[in-house]
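When we follow the numbering used here, the leftmost residue of the sequence shown carries the number -19, and every step to the right adds one. Backbone N, C-alpha and C fix where the C-beta goes; we use that ideal spot for every residue, glycine too. Only a predicted model underlies this, so the values are computations on that prediction, with no experimental measurement involved. A quick write-up on the structure given underneath.
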Amino acid sequence: MIYDTLNNLPNYLGISDNLDTAIEYIMARDIQTLPNGRTRIDGDKVFVNVAQITPQPGEKVNFARREKYLALLTDLEGSELFEVSLGELAIKKPYDPATDLAYGSTATSIAGMLCEGRFALFLAGEAHKTGLKAQGCGKVKQAVFLIALDEEEETEDAE
C-alpha cells in the first residue's frame, strides 16, 4: 500500500506504465468534476468508478483482494476510514475472475483515513477494506481508479 497526498502523485511515476496513465490523468484535470459511474481512461487497463457511498462500521465490511488490478482510492467529498490486512486472508467468498475480487477476513490489520486530497494505492494481492465509518462523517463521494498490472508484471508473477 502507498498512502500519500495527491500533490505527491508525480513521485510515483515510473512504477508501471498503467499506473503512469492513471497518475497523468489525475494530474491533468479536476477529478472533483468526474461523473458518477465508470469512466474509461485506457480501455480495461485503466478506468475509474465514482460513487456516492455511506460508510459502514468496520465489522459490517469484508476485506477485498484483487489479483489483476491495483486500486487507487481517493475521496472527492467527505472522509472514510480504511484497513489493510497484515496477514493472510481467510476466504469467505472465493475469487471471481469477472470482478477480480475475493472477500474474506483477517486477524490483523492497520487503519488509515482517506479524505479530499489524499489517496491510498492498494497493490494486487493486498487485502483491504474501504468505506468504513469515520466519526462525524456522513456520505462520501469516492473515486476508485482500477489499474491493470502491466503485461510484463503479470508474466513475471506467473513464473
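- DSSP places Gly58 outside both helix and strand once states are collapsed to three, so it counts as coil.
- In this structure, the alpha-carbon of Arg46 lies about 7 Å from that of Ala82.
- By a beta-carbon distance limit of 8 Å, Val120 does not contact Glu39. Their separation comes to about 18 Å.
- In the DSSP assignment, Ala44 falls within the beta strand (DSSP E) that extends over 43 to 45.
- Burial is judged here by how many other beta carbons sit within 10 angstroms of a residue's own beta carbon; Tyr75 has fewer than 16 and is exposed.
- Taking the C-beta atoms as reference points, Phe62 is found nearer than 9 Å to Leu112.
- Bounds of the alpha helix (DSSP H) holding Ile6 are -3 to 7.
- In the three-state DSSP reduction, Gly111 falls in the strand class (E or B).
- In the DSSP annotation of this structure, the continuous segment of the beta strand (DSSP E) that includes Thr19 starts and ends at 17 to 22.
- In this structure, Thr54 lies away from Ala8, with their beta-carbon atoms at least 9 Å apart.
- A residue is called buried once 16 or more other Cβ atoms fall within 10 Å of its Cβ, and Thr(-15), having fewer, is exposed.
- Each of Phe102, Leu(-7), Asn(-2) was checked against the Cα of Lys25, and the nearest Cα belongs to Asn(-2).
- The alpha-carbon separation between Asp130 and Tyr49 amounts to approximately 9 Å.
- The criterion of a C-beta distance shorter than 9 Å is not satisfied by Val64 and Ile33.
- With a cutoff of 9 Å on beta-carbon distance, Gly84 and Leu103 are scored as not near each other.
- Going by DSSP, Asp(-16) is part of the beta strand (DSSP E) stretching over -18 to -15.
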